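In the numbering used here, the protein residues as written are 1 to 123.
This is how it looks when you write it as structure tokens:
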């Protein structure tokens with residue numbers, strides 16, 4: 001995992017942020033603003049994984065990158081929602097949060113594939 005240090009740091013950041021109490025902010029009154037925060041956190045997480053995947057030596061690149069870049073973040077986000085629901089008292093797990101987490105991961109994967117196709121067509 002030494003070729004994925006930013007991924008590890010970002011996952012630690014997400015786990016810490018998602019397991020602490022939610023602070024009151026000026027945007028707290030905006031309906032479902034937290035859903036877009038979830039989408040953004042996991043979009044960035046997946047983009048970081050893809051970035052490090054492309055930079056890693058070939059032996060550190062799995063044959064099926066979607067397991068690393070799509071399945072792993074979705075499973076991690078689901079585990080956070082379960083921890084929020086069953087192991088913390090300051091947060092509550094939410095299926096809609098999980099859906100927005102997964103949407104962020106899927107959006108990042110789509111962005112990467114579109115960019116790859118565009119770069120490939122320009123060559």
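Where is the CB? At the ideal position from N, CA and C, for every residue including glycine. Treat the numbers as computed from the prediction; the structure is a model and nothing was measured.
### Query
Which term fits residue 90, buried or exposed, when burial requires 16 or more other beta carbons within 10 angstroms of its beta carbon?
exposed
### Task
Look at the alpha carbon of residue 109 and the alpha carbon of residue 116, and state the distance between them as a whole number of angstroms.
10 Å
### Task
Determine, using beta-carbon pairs with one atom in the region 70-79 and one in the region 42-50, whether at least three such pairs fall under 8 Å.
yes
### Task
Please state whether DSSP places residue 101 in a helix, a strand or coil.
helix
#### Entry: Beta carbon of residue 93 nearer than 8 Å to that of residue 38
no
### Query
Between 53, 10, 96, 16, which lies nearest to residue 67 when the distance is taken from Cα to Cα?
53
### Query
What number of angstroms, rounded off, separates the C-alpha of residue 26 from the C-alpha of residue 32?
14 Å
#### Entry: Three-way DSSP call (helix, strand, coil) for residue 122 in this model
helix
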